[in-house]
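Residue numbers (our numbering): 25 to 495. Glycine residues also receive a C-beta, built at the ideal position from the N, C-alpha and C atoms. Since the model is a prediction, treat every value here as computed from it, not as a measurement.
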Amino acid sequence: MPEQSAGMPRRRTVLASAAVTAAGVPLIAPAGQAAAAPSGGGGATGQAPDRELRKLLQEIDADRIEATVRRLAAFGTRHTLSVQDDPERGIGAARDWILAEMKKYAAVSGGRMTAELQSYIQEPASRIPVATRITNVVATLRGSVAPDRVYVVAGHYDSRVTDVMDATSDAPGADDDASGVALVMELARVMAKRRPAATIVFVAVAGEEQGLYGSRYAATQFKAAGADVQGMFTNDIIGSSRADDGTRDPYTVRLFTEGVPTSETPAQANTRRSVGGENDSATRQLARFVSDVGDNDVTGMNVRVVYRRDRYLRGGDHIPFLEQGYPAARFTEPAEDFAHQHQDVRVEDGKQYGDLPEFCDFDYIARVTRVNGAVLWTLAQAPGTPREARIVTSNLTNDTELKWALGTEPDLAGYEVVWRGTTESEWTHVIKVGLTTTHTVDLSKDNVFFGVRAVNRDGKRSPVAFPLPGN
């Protein structure tokens with residue numbers, strides 16, 4: 025066990041020092057010493073993009089994204105209950121086009137990417153009056169080092185108008201959610217030529233507007249296969265930075281992230297209440313990771329984390345993944361214009377209604393795509409989130425002993441312990457502790473929150489694992 029450094033803040037002063045941002049303090053302190061949070065996005069745990077990631081993000085093309093959004097809108101309607109065997113109109117035509125494009129990307133991947141349809145028959149249910157085939161389009165880029173570790177990015181390709189059961193009227197669905205599907209497809213195109221360490225899955229799901237049917241099927245399929253999904257993002261309504269009052273916020277994207285886990289058991293709830301872990305679910309750690317790597321000069325974006333599972337009265341395709349116990353979150357634009365969502369295409373009192381491409385900001389979609397790209401690529405190249413993280417509680421002490429399981433990545437270099445005051449939202453201090461599975465900090469576990477993250481030889485860091493009480 026590494027010894028406590030003489031330069032380490034004592035437990036009596038940690039709460040005061042945690043509130044101070046010292047100029048010139050290094051992002052990561054020498055082994056055994058704590059670094060206070062520098063100013064700027066990401067705080068003490070921020071990760072700047074390296075040359076490889078910068079090049080990847082520069083390849084994201086707003087013109088291609090625009091072409092995808094316009095092509096999807098041109099299918100007329102993509103309603104889940106629309107025709108599936110017309111080559112020009114309806115959800116079947118959109119499905120076949122997305123699959124063909126994904127197969128083009130896979131063709132240049134050197135065999136690392138596959139593209140396929142994932143279908144099932146949904147029997148009559150809410151908003152599904154007759155048995156209906158629900159089909160997701162799935163492209164899988166298999167990891168070269170840790171292929172069993174999986175990250176998922178999704179958007180839904182179905183659309184709707186005012187009447188959710190109207191399967192025949194024009195429903196272009198440009199913002200909701202051709203924008204998210206265009207993001208998914210552009211990332212698949214750019215990443216297909218590369219070799220991630222972990223597996224990345226790009227999914228265009230159906231049935232969202234009728235009740236999250238496609239994503240629920242995808243999530244249950246992952247669970248049934250025992251997949252180690254360590255992060256999932258849905259991108260839904262990411263097409264415009266314009267609010268209904270005409271104001272614009274073109275450099276902000278919201279990230280909705282739940283605190284108390286949807287899948288929490290009664291025993292887990294008791295533990296959460298006892299340690300005050302309401303803001304430290306795996307999804308909240310994923311959100312902190314997004315801020316660490318997605319909010320920088322290359323993306324040009326501010327990630328506004330919202331401590332809520334989703335917006336009022338609505339829910340997205342991340343929710344079925346949360347139900348299965350997977351960390352998952354939703355990206356969406358900063359403020360919505362409801363005249364261009366779930367509306368019949370019409371002009372009323374001189375105002376154009378409908379979800380049309382002309383109301384999208386394609387440069388904005390490209391920036392949101394870069395945020396997703398930075399996050400997914402860094403997740404895939406970094407080690408996995410540490411497992412079995414524990415705070416030892418066998419004795420009453422004024423220090424904190426942490427334990428975790430050793431990761432299996434061949435390029436694993438070591439671990440870092442992070443902490444923050446209990447009223448802080450972001451990690452404020454980091455300690456390098458080396459390639460070990462235990463570390464004791466001379467700070468009381470009663471006064472701060474702790475976490476553990478893994479580091480590889482390239483300096484890429486995993487999301488933080490929040491330790492639970494144990495021995």
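Count the other CB atoms, across all protein chains shown, that sit within 10 Å of the CB of arginine 332; report buried if there are 16 or more and exposed otherwise. With fewer than 16 other Cβ atoms within 10 Å, it is exposed.
Residues of its chain near aspartate 199, where Cβ-Cβ distance is below 7 Å and the 5 sequence neighbours each way are ignored: Around aspartate 199: Ile261, Gly263, Ser264, His364, Gln365, Asp379, Phe383 and Cys384.
Contacts around glycine 100, its chain only, beta-carbon distance under 6 Å, and the 5 residues preceding and following it disregarded: Short of 6 Å from the beta carbon of glycine 100, and not among the five residues preceding or following it, lie these beta carbons of its own chain, in chain order: Arg113 and Asp194.
Residues near asparagine 495 by beta carbon distance below 8 Å, same chain, minus five either side: Around asparagine 495: Arg414, Val416, Thr417 and Ser418.
Exposure of arginine 136, with buried meaning 16 or more beta-carbon neighbours within 10 Å: Per the 10 Å Cβ criterion, buried.
Leucine 39 versus glutamate 440: straight-line alpha-carbon distance, rounded: Note that leucine 39 has pLDDT 41, beneath the 50 cutoff, so the model's placement of it is unreliable and no number is given.
Locate the alpha helix (DSSP H) running through arginine 296, then write down its first and last residues. The continuous alpha helix (DSSP H) containing arginine 296 extends over residues 290-299.
As assigned by DSSP and simplified to three states, the class of leucine 165: Of the three classes helix, strand and coil, the one that applies to leucine 165 here is strand, per DSSP.
Whole-Å CB distance - isoleucine 158 paired with tyrosine 144, under 8 Å assumed: Contact between isoleucine 158 and tyrosine 144 holds: CB atoms are separated by about 6 Å, below the 8 Å threshold.
Give the secondary structure of serine 143 by DSSP, where H, G and I count as helix, E and B as strand, and everything else as coil. Three-state DSSP puts serine 143 in a strand.
Taking C-beta to C-beta, are histidine 233 and threonine 92 nearer than 8 Å? The question names histidine, yet the displayed sequence has glutamate at residue 233. Remark: C-beta atoms of glutamate 233 and threonine 92 do not approach each other more closely than 8 Å.
Between which two residues does the beta strand (DSSP E) containing threonine 223 stretch? Element bounds for threonine 223: 222-229.
Alpha carbon to alpha carbon, what distance is there between aspartate 423 and threonine 462? Distance between the alpha carbons of threonine 462 and aspartate 423 is about 13 Å.
Assuming the contact rule is C-beta atoms closer than 8 Å, glycine 408 and alanine 170 should be a hit. Round their C-beta distance to whole Å, please. The Cβ separation is near 7 Å, so the contact holds.
Sort out for me which residues DSSP pairs alanine 130 with in a bridge. Alanine 130 pairs with nothing; no bridge assigned.
DSSP puts phenylalanine 474 in a beta bridge; with which residues? Per DSSP, Trp443.
Glycine 301 versus phenylalanine 490: straight-line alpha-carbon distance, rounded: Rounded to the nearest angstrom, the two C-alpha atoms are 9 Å apart.
Cβ-based neighbour list, glutamate 125, same chain, cut-off 7 Å, excluding 5 preceding and 5 following: Only Met209 meet the Cβ criterion.
Using a Cβ-Cβ cutoff of less than 6 Å, which residues in the same chain neighbour tyrosine 237 once the five nearest sequence positions on both sides are dropped? Cβ neighbours of tyrosine 237 beyond the five flanking positions: Gln146, Ile158 and Gly231.
Please check the pair alanine 406 and asparagine 320, which I expect to be a contact at CB under 8 Å, by giving their CB distance rounded to whole angstroms. Rounded, the Cβ-Cβ distance is 16 Å, inconsistent with contact.
For alanine 222 versus arginine 184, is the C-beta spacing smaller than 8 Å? Result no, Cβ atoms of alanine 222 and arginine 184 do not sit closer than 8 Å.
From this set, Ala353, Gln376 and Leu279, which residue's C-alpha is nearest aspartate 268's C-alpha? When only C-alpha atoms are compared, the closest one is Gln376.
Measuring alpha carbon to alpha carbon, tell me which residue in Thr402, Thr421 and Glu83 is nearest valine 214. Looking from the CA of valine 214, the closest CA among Thr402, Thr421 and Glu83 belongs to Glu83.
In its own chain, which residues sit with a C-beta less than 8 Å from the C-beta of glycine 48, not counting the 5 before and 5 after it? The predicted model places glycine 48 with a pLDDT of 29, which falls under 50 and marks its position as unreliable, so this point remains unresolved.
Which residue from Gly374, Leu211 and Thr69 puts its Cα closest to that of valine 392? The option with the nearest alpha carbon to valine 392 is Leu211.
Does DSSP put leucine 492 in a helix, a strand or coil? Leucine 492 falls in the strand class under three-state DSSP.
Based on DSSP bridge pairs, tell me the residues matched to tyrosine 377. Residue pairing from DSSP places tyrosine 377 in a beta bridge opposite Arg370.
Buried versus exposed, by CB contacts within 10 Å (16 or more), methionine 189: Classification of methionine 189: exposed, given that the 10 Å Cβ count is below 16.
Output the distance between the C-alpha atoms of leucine 436 and glycine 483, rounded to the nearest integer angstrom. Here the alpha carbons of glycine 483 and leucine 436 stand approximately 10 Å from one another.
Count the other C-beta atoms from every protein chain shown that fall within 10 angstroms of the C-beta of valine 44, then say buried if there are 16 or more, exposed otherwise. Summary for valine 44: the model assigns pLDDT 34, below 50, so the residue's position carries little reliability; its value from the coordinates is reported in the next sentence. Looking at its Cβ environment, which holds fewer than 16 other Cβ atoms inside 10 Å, valine 44 is exposed.
List, from N- to C-terminal side, the beta strand (DSSP E) runs of 3 residues or more that fit wholly inside the region 231-283. Taking only runs of at least 3 residues, the beta strand (DSSP E) segments lying wholly in the region 231-283 are 252-259 and 276-280.
Looking only at its own chain, which residues have a Cβ that is under 7 Å from the Cβ of glutamate 2, when we skip the five neighbours before and after it? Absent from the model: residue 2. The displayed extent of the chain is 25 to 495, so no value can be given.
Could you check what DSSP says for glutamate 425 in three-state terms: helix, strand or coil? In this structure, glutamate 425 counts as strand in the three-state DSSP scheme.
Start and end residues, beta strand (DSSP E) containing threonine 101: If you look at threonine 101, you'll find it isn't in any beta strand (DSSP E); DSSP assigns it neither H nor E.
CB-CB under 7 Å to valine 327, same chain, minus the five flanking residues each way: which ones, in chain order? Correct list, in chain order: Val277, Leu279, Val314, Ser315, Gly318, Asp319 and Val395.
By Cβ distance below 7 Å, which residues in the same chain neighbour alanine 311 in space, the five residues on each side in sequence not counted? Beyond the five residues adjoining it in sequence on each side, alanine 311 comes within less than 7 Å, by CB distance, of Leu279, Thr281, Val329 and Ala353 in the same chain, given in chain order.
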